[in-house]
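Trainee: Residue numbers (full-length UniProt numbering), protein chains in the order written: chain Z, 1 to 203; chain R, 1 to 203; chain S, 1 to 203; chain P, 1 to 203.
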DNA sequence: CATGAATGAGGCTTCATTCAT
DNA sequence: GATGAATGAAGCCTCATTCAT
């Protein structure tokens with residue numbers, strides 16, 4: 001049931017706006033639902049219900065389930081990346097990692113799903129994770145370069161430096177239900193992980 | 001005892017052996033198939049076909065799909081654990097990590113599936129991963145304790161020491177197709193990871 | 001209320017009607033099919049085919065096979081009961097039994113299936129039979145009470161009076177194919193049963 | 001595992017005897033199992049297990065499941081019939097009905113299964129029930145004839161006289177779980193049914 | 001465009017029956 | 001003859017996707 005009695009009465013631009021809005025809403029609610037029940041176990045019907053639209057509407061906006069997930073994931077990737085850039089602007093390694101954790105913590109449920117289930121999803125999911133990591137990597141590399149030069153942190157190959165950090169964080173996220181049942185892992189262990197990691201890479 | 005008493009007396013070497021063999025074969029082929037197509041995306045019919053038996057035979061040996069997967073995973077866990085204990089017998093931290101990589105490398109495809117998909121599977125999958133890690137943790141802790149005492153490696157909380165290593169290894173495994181397409185990651189990056197990690201934890 | 005609020009407002013006469021119709025059609029055709037092939041031996045696919053819909057459609061309307069059967073049986077129970085009340089309104093014992101036979105005759109095939117297979121079905125089937133019998137019992141008790149008081153029929157415990165009648169009728173229904181092959185038993189033997197039974201209970 | 005090391009050592013007659021014995025045993029245990037779990041819901045594997053033989057042995061003795069059931073039912077029919085003849089030898093109507101109840105009570109569980117599920121089974125099941133009833137009918141008819149002539153019981157068409165009785169008894173058997181949960185119905189209600197019925201048919 | 005009923009391919013599981021030993 | 005592992009034809013149910021309204 002639309003807001004208008006006859007479809008043709010709606011001005012074109014209005015209609016398009018409406019459509020874009022529905023699409024956006026769908027992405028938002030899908031995001032929530034996927035974070036809640038997982039990327040694999042959420043059915044298109046669940047998403048439709050969560051968004052308060054008909055099941056068919058999902059396919060009016062996205063040709064396939066995969067396309068919707070890809071969109072949600074991409075959207076998410078863009079937001080996280082933006083946020084990380086915001087937070088991590090040119091500080092020390094310590095500050096950048098802190099910003100990274102803060103940024104992830106804001107999206108922990110969905111990000112965790114991506115870490116856990118990403119490898120079962122369309123390539124876009126993987127690419128998004130790569131993109132997010134690039135954002136961090138970018139800032140971290142610069143800071144690390146500086147601090148290596150300044151003798152603050154050890155000289156280590158950048159990719160290993162970075163992957164050690166990511167590996168550590170992902171490991172805690174993926175096993176959050178074991179490490180910190182019922183409570184965000186990053187909240188509970190973030191500080192500890194950060195300090196530990198800094199210890200490791202500090203001269 | 002009547003003639004209808006049941007047939008537990010003599011091992012009935014012929015038939016029972018045959019059945020055990022089929023069961024074993026099924027587990028082996030399931031193992032391969034699961035390693036190849038993933039734990040989520042492998043259907044019971046695929047396993048039957050891979051094993052060269054009828055679909056029904058799968059259920060003559062395992063009551064449900066889950067039971068079969070659990071069996072395969074447990075079997076796998078036991079083998080890996082045993083192997084890790086074999087390899088990691090009381091050496092230095094370096095030797096133990098080397099042994100760990102060697103042990104995992106022998107089972108890389110399946111282990112990778114477990115790391116990637118474990119969180120979507122019956123609890124047994126998680127438990128198996130925990131068990132495997134316990135095996136490594138056990139040896140690593142002892143060696144690390146010694147070497148910390150000897151001033152060879154840094155004093156660090158054991159769980160962080162361990163999880164940093166596991167996180168790093170799992171991260172490379174989970175993304176093996178990106179880091180090392182078409183070739184086992186551990187073969188390509190194992191040495192590098194090991195040396196890097198040792199650098200980090202060395203005084 | 002947003003535009004995504006759900007659509008309970010207007011009856012959406014078109015679609016909802018259509019769905020209800022399909023559901024009803026499904027129940028009707030299931031009813032026929034079950035009467036024809038029996039409650040045990042009718043598969044969901046048969047019902048779908050009989051209704052001219054896809055197999056999946058059955059489950060779009062009823063969560064399980066059992067739920068569908070239960071629905072059909074309940075619907076049937078309600079109809080028969082209503083009909084029996086209609087027919088049996090406060091007459092003599094003779095009239096009530098006549099009404100009972102007439103009511104059953106209208107639904108003989110399905111009712112016979114229920115009598116034959118009821119004990120193998122979900123509880124709802126039993127309950128429905130009980131409900132139907134309660135309807136008759138209610139009217140019969142009242143009339144019998146009156147006629148016993150008036151010395152028209154013998155003084156007999158009500159439950160035995162009733163169960164004798166039901167037992168007789170069910171026996172003929174359950175063996176209808178022997179007593180009256182290719183033709184409704186009640187049509188052929190109803191009158192005779194009624195007269196016989198009245199003879200028995202008459203002073 | 002047979003009692004003999006080599007099959008050919010067994011004398012022909014011995015073997016045949018053995019086979020007949022197994023067959024008999026199978027029928028006996030099938031009888032118990034069918035009485036316990038019902039004719040529809042008992043699987044051939046259950047029967048084999050109950051008999052302590054292999055699943056295949058069932059099919060070595062009976063070509064199909066139906067053939068086995070038929071055999072069991074026929075065997076049962078013969079026994080009940082014989083027993084009924086034994087018990088019901090030429091007494092009064094009262095004595096004959098009493099004998100009938102007594103005879104059925106000895107086999108109540110299986111007989112009840114037959115009454116409940118008979119119409120879903122191969123024709124032989126129906127025929128057996130008919131045969132059993134013929135046995136009773138035979139004695140009852142003679143006695144009833146006498147007592148009608150003697151003015152003890154009413155003059156009623158024999159088939160109605162008989163079917164009223166059978167209908168009543170079957171009704172209580174089929175609904176035994178409702179009328180007398182956890183206890184044989186005939187034990188609890190037999191006497192009452194008998195007296196009630198006699199009242200009905202008595203002048 | 002939005003709707004949601006209908007679709008149907010495909011997955012898991014059961015069980016009477018077969019057959020090599 | 002007895003065995004029991006293996007078979008495979010069904011049966012129930014799920015869910016992404018389509019399409020008439």
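C-beta atoms are modelled at their ideal positions from N, C-alpha and C, and glycine is treated no differently.
State the DSSP-derived secondary structure class of residue 202 (chain R), mapped to helix, strand or coil.
Mentor: Start at 1 with the first residue of the second chain, and residue 202 (chain R) comes out as number 202. Residue 202 (chain R) falls in the strand class under three-state DSSP.
Trainee: Just tell me which of P:202, P:179, P:59 and P:82 has its CA closest to the CA of residue 135 (chain P).
Mentor: Taking the fourth chain and counting its residues from 1, the one referred to as residue 135 (chain P) is at position 135. Out of P:202, P:179, P:59 and P:82, P:82 has the C-alpha closest to the C-alpha of residue 135 (chain P).
Trainee: Please report how far the alpha carbon of residue 8 (chain P) lies from the alpha carbon of residue 110 (chain P), in whole angstroms.
Mentor: Counting from 1 along the fourth chain, the entry for residue 8 (chain P) is found at position 8. Counting from 1 along the fourth chain, the entry for residue 110 (chain P) is found at position 110. The predicted model places residue 8 (chain P) with a pLDDT of 43, which falls under 50 and marks its position as unreliable; any figure quoted below should be read in that light. Residue 8 (chain P) and residue 110 (chain P): Cα-Cα distance of roughly 39 Å.
Trainee: From residue 73 (chain S) to residue 128 (chain S), what distance separates their C-alpha atoms?
Mentor: Translated into positions along the third chain, residue 73 (chain S) becomes position 73. Translated into positions along the third chain, residue 128 (chain S) becomes position 128. Using only the alpha carbons, I get a separation of about 7 Å.
Trainee: What's the gap between the Cα of residue 162 (chain Z) and the Cα of residue 102 (chain Z)?
Mentor: Along the first chain, one-based indexing puts residue 162 (chain Z) at 162. Along the first chain, one-based indexing puts residue 102 (chain Z) at 102. Rounded to the nearest angstrom, the two C-alpha atoms are 17 Å apart.
Trainee: With C-beta atoms as the reference, is residue 22 (chain Z) less than 8 Å away from residue 57 (chain Z)?
Mentor: Translated into the one-based positions of the first chain, residue 22 (chain Z) becomes position 22. Translated into the one-based positions of the first chain, residue 57 (chain Z) becomes position 57. Taking a C-beta distance under 8 Å as the contact criterion, residue 22 (chain Z) and residue 57 (chain Z) qualify as a contact pair.
Trainee: Please look up how many angstroms separate the CB atoms of residue 99 (chain R) and residue 84 (chain R), rounded, as I've assumed it's under 8 Å.
Mentor: Position 99 of the second chain holds residue 99 (chain R). Position 84 of the second chain holds residue 84 (chain R). Contact holds; Cβ gap of about 7 Å.
Trainee: When you compare only the Cα positions, how much space is there between residue 2 (chain S) and residue 40 (chain R)?
Mentor: Residue numbering aside, residue 2 (chain S) sits at position 2 when the third chain is read from its first letter. Residue numbering aside, residue 40 (chain R) sits at position 40 when the second chain is read from its first letter. Here the model assigns residue 2 (chain S) a pLDDT of 40, short of 50, so the residue's position is not dependable, and the following value carries that caveat. Near 38 Å, if we compare the C-alpha coordinates of residue 40 (chain R) and residue 2 (chain S).
Trainee: So, with DSSP's three-state summary, where would you put residue 152 (chain P)?
Mentor: Taking the fourth chain and counting its residues from 1, one reaches residue 152 (chain P) at position 152. It is coil, neither helix nor strand.
Trainee: Which residues of chain Z have a Cβ atom closer than 7 Å to the Cβ of residue 137 (chain R), listed in chain order?
Mentor: One-based indexing of the second chain puts residue 137 (chain R) at position 137. Ordered by position in chain Z, no residue passes the 7 Å Cβ test against residue 137 (chain R), which lies about 13 Å from the chain.
Trainee: In chain R, which residues lie less than 8 Å from residue 164 (chain Z) when you measure between Cβ atoms?
Mentor: Reading the first chain from its first residue, position 164 is the one you call residue 164 (chain Z). Ordered by position in chain R, the residues that pass the 8 Å Cβ test against residue 164 (chain Z) are 164, 167, 168, 196, 197 and 200.
Trainee: Going by the CB atoms, is the gap between residue 104 (chain S) and residue 194 (chain S) shorter than 8 Å?
Mentor: Position 194 of the third chain, counted from the first residue, corresponds to residue 194 (chain S). Position 104 of the third chain, counted from the first residue, corresponds to residue 104 (chain S). Contact check for residue 194 (chain S) against residue 104 (chain S) fails: the beta carbons are separated by 8 Å or more.
Trainee: In angstroms with no decimal places, state the Cα-to-Cα distance between residue 141 (chain Z) and residue 183 (chain R).
Mentor: Counting from one through the first chain, the residue named residue 141 (chain Z) turns up at place 141. Counting from one through the second chain, the residue named residue 183 (chain R) turns up at place 183. In a straight line, the C-alpha of residue 141 (chain Z) is about 28 Å away from that of residue 183 (chain R).
Trainee: How about residue 145 (chain Z) and residue 92 (chain Z): are their beta carbons less than 8 Å apart?
Mentor: On the first chain, position 145 is the one that residue 145 (chain Z) refers to. On the first chain, position 92 is the one that residue 92 (chain Z) refers to. Against a cut-off of 8 Å, the Cβ pair of residue 92 (chain Z) and residue 145 (chain Z) comes out as no contact.
Trainee: What does a CB cutoff of less than 7 Å around residue 158 (chain S) pick up in its chain, not counting 5 residues either side in sequence?
Mentor: Along the third chain, read from residue 1 onward, the residue named residue 158 (chain S) stands at position 158. Excluding sequence neighbours, residue 158 (chain S) sits near 141 and 144.
Trainee: Does the Cβ of residue 202 (chain R) have 16 or more other Cβ atoms within 10 Å, making it buried, or fewer, making it exposed?
Mentor: Residue mapping note: residue 202 (chain R) aligns to position 202 of the second chain, counting from 1. By the neighbour-count rule (16 or more Cβ atoms within 10 Å), residue 202 (chain R) is not buried but exposed.
Trainee: Would you kindly report the start and end of the unbroken alpha helix (DSSP H) that includes residue 281 (chain S)?
Mentor: What is shown of chain S runs 1 to 203, which leaves residue 281 (chain S) out entirely.
Trainee: Applying the 10 Å Cβ sphere with the 16-neighbour rule, what's the burial state of residue 132 (chain R)?
Mentor: Reading the second chain from its first residue, position 132 is the one you call residue 132 (chain R). Buried, by the Cβ-count rule.
Trainee: Does any CB atom of chain S fall closer than 8 Å to the CB of residue 40 (chain P)?
Mentor: The residue you call residue 40 (chain P) lines up with position 40 of the fourth chain. Yes, residue 40 (chain P) lies at the interface with chain S (some Cβ there is under 8 Å from its Cβ).
Trainee: So which of R:196, R:178 and R:121 has the shortest CA-CA distance to residue 66 (chain R)?
Mentor: As a position in the second chain, residue 66 (chain R) is number 66, starting the count at 1. Looking at the Cα atoms, R:121 is the closest of the given residues.
Trainee: Based on Cα-Cα distance, which residue from Z:170, Z:50 and Z:87 lies nearest to residue 138 (chain Z)?
Mentor: As a working note, residue 138 (chain Z) is residue 138 in the first chain. Considering only alpha carbons, the answer is Z:87.
Trainee: Is it true that the CB of residue 189 (chain R) sits closer than 8 Å to the CB of residue 167 (chain Z)?
Mentor: Start at 1 with the first residue of the first chain, and residue 167 (chain Z) comes out as number 167. Start at 1 with the first residue of the second chain, and residue 189 (chain R) comes out as number 189. Taking a C-beta distance under 8 Å as the contact criterion, residue 167 (chain Z) and residue 189 (chain R) do not qualify as a contact pair.
Trainee: Please state the DSSP three-state secondary structure of residue 36 (chain S).
Mentor: Mapped onto the third chain, residue 36 (chain S) falls at position 36. Here residue 36 (chain S) sits in helix by DSSP.
Trainee: 8 Å is my cut-off, CB to CB: does residue 186 (chain P) come that close to chain S?
Mentor: Within the fourth chain, the letter at position 186 stands for residue 186 (chain P). No, because no Cβ of chain S sits closer than 8 Å to the Cβ of residue 186 (chain P).
Trainee: Kindly list the residues whose CB is nearer than 7 Å to the CB of residue 153 (chain S), restricted to its own chain and excluding five residues on each side of it in sequence; keep chain order.
Mentor: Looking up residue 153 (chain S) in the third chain gives position 153. 93, 144, 147, 201, 202 and 203.
Trainee: Taking a Cβ distance cut-off of 7 Å, strictly less, list which residues of the region 92-124 of chain R are near chain Z, in chain order.
Mentor: 116, 117, 119 and 120
Trainee: Skipping 5 residues on each side, what residues in its chain have a beta carbon closer than 7 Å to that of residue 124 (chain R)?
Mentor: Along the second chain, one-based indexing puts residue 124 (chain R) at 124. Counting only Cβ-Cβ distances below 7 Å, and skipping sequence neighbours, we find 70, 73 and 74.
Trainee: Could you give the distance in angstroms between the alpha-carbon of residue 160 (chain S) and the alpha-carbon of residue 196 (chain P)?
Mentor: Along the third chain, read from residue 1 onward, the residue named residue 160 (chain S) stands at position 160. Along the fourth chain, read from residue 1 onward, the residue named residue 196 (chain P) stands at position 196. Straight-line Cα distance between these residues: approximately 7 Å.
Trainee: Just curious, the alpha helix (DSSP H) that residue 49 (chain P) is in, first and last residue?
Mentor: Sequence index remark: in the fourth chain, residue 49 (chain P) carries index 49 (1-based). Looking at the DSSP string, the run of the alpha helix (DSSP H) that includes residue 49 (chain P) is 44-51.
Trainee: DSSP state of residue 1 (chain Z), grouped into three classes?
Mentor: Walking along the first chain from the start, residue 1 (chain Z) turns up at place 1. Any reading at residue 1 (chain Z) must be qualified, since the residue scores a pLDDT of 38, below 50, and its modelled position is unreliable; no value is offered.
Trainee: Does the separation of the CB atoms of residue 185 (chain R) and residue 198 (chain R) fall below 8 Å?
Mentor: Mapped onto the second chain, residue 185 (chain R) falls at position 185. Mapped onto the second chain, residue 198 (chain R) falls at position 198. No, the pair does not count as a contact, with Cβ atoms beyond the cut-off.
Trainee: Which same chain residues end up closer than 8 Å to residue 5 (chain Z) when comparing Cβ atoms and leaving out the 5 residues on each side of it in sequence?
Mentor: Stepping through the first chain from its first residue, residue 5 (chain Z) is reached at position 5. Any answer about residue 5 (chain Z) is weak, because its pLDDT of 41 lies below 50 and its placement is not dependable; what the coordinates show is given next. Cβ within range, chain order: n/a, list empty.
Trainee: So, helix, strand or coil for residue 184 (chain Z), using DSSP?
Mentor: Within the first chain, numbered from 1, the residue matching residue 184 (chain Z) stands at position 184. Looking at residue 184 (chain Z) - three-state DSSP - the assignment turns out to be coil, as it is neither helix nor strand.
Trainee: Is there a C-beta anywhere in chain P that falls below 8 Å from the one on residue 160 (chain S)?
Mentor: Locating residue 160 (chain S) in the third chain gives position 160, counting from the first residue. So, interface residue.
Trainee: Give the single residue among Z:179, Z:35 and Z:181 whose Cα lies nearest to the Cα of residue 118 (chain Z).
Mentor: Taking the first chain and counting its residues from 1, the one referred to as residue 118 (chain Z) is at position 118. Among Z:179, Z:35 and Z:181, the Cα nearest to that of residue 118 (chain Z) is on Z:35.
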